[in-house]
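Engineer: Next up is a structure, given as structure tokens.
Numbering (our numbering), first residue to last: 1217 to 1376.
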């Protein structure tokens, strides 16, 4: 979704919209739209315009690079794939192999609660940016008390 304020006059869509709309032919599950609805921007905490936001399931990632068509197309293709892993008490060891020392690569893990979930869009955006370089995960500590205790999570959000 392109978010733009009303004074932006559509220049962004004129320059970039057609190239991004062409992407729909290659990735059939993606729909591209635009909005000048400031309540949507406020809801997902967008403060700069124009913005490119990838909405997926119950999460979203915000494009944070220069507005060049090739870079945006590459980012959209990466954002279309699941980039963030949801870890919990049952899956943590299996997916990270932390206790064995033979980890499955570097991990960036954000611990959060529903009351402090404002970090989640940044985590999703990071997941897109570092895809294939680092694993990015999130843990809802309300649902994973053993991990909360193990990592001595005392504030929210907390990053390890």
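Ideal placement from N, C-alpha and C gives every residue a C-beta, glycine not left out.
Quick caveat, the model's predicted, so the values are computed rather than measured.
1) DSSP state of residue 1284, grouped into three classes?
2) Could you check what DSSP says for residue 1267 in three-state terms: helix, strand or coil?
3) Would you report the Cα separation of residue 1347 and residue 1307, rounded to the nearest angstrom?
4) Which residues in the same chain as residue 1335 place their Cβ atom closer than 7 angstroms to its Cβ, once the five residues preceding and following it in sequence are excluded?
5) State the DSSP-derived secondary structure class of residue 1306, mapped to helix, strand or coil.
6) Using DSSP with H/G/I as helix, E/B as strand and the rest coil, what is residue 1257?
7) Leaving aside the five residues before and after residue 1294 along the sequence, list all residues of the same chain whose C-beta is less than 7 angstroms from its C-beta, in chain order.
8) Which residue from 1276, 1350 and 1286 puts its Cα closest to that of residue 1321?
9) Specify the secondary structure class of residue 1312 as computed by DSSP and reduced to three states.
10) Once DSSP output is grouped into helix, strand and coil, what is the label at residue 1335?
11) By DSSP, does residue 1358 sit in helix, in strand, or in coil?
12) Residue 1359 to residue 1304, Cα distance in whole Å?
13) With DSSP as the reference, label residue 1225 as helix, strand or coil.
14) If I measure Cβ to Cβ from residue 1369 and keep anything under 6 angstroms in the same chain, skipping five residues before and after, which residues do I get?
15) Give the straight-line distance between the Cα atoms of residue 1246 and residue 1252, rounded to the nearest whole angstrom.
Structural biologist: Considering the structure as presented:
1) coil
2) strand
3) 20 angstroms
4) 1326, 1328 and 1373
5) coil
6) helix
7) 1344 and 1347
8) 1350
9) helix
10) helix
11) coil
12) 7 angstroms
13) For residue 1225, the predicted model reports a pLDDT of 39, less than 50, meaning its position is unreliable; a value from the coordinates is still stated below. Residue 1225 falls in the coil class under three-state DSSP.
14) 1327 and 1357
15) 20 angstroms
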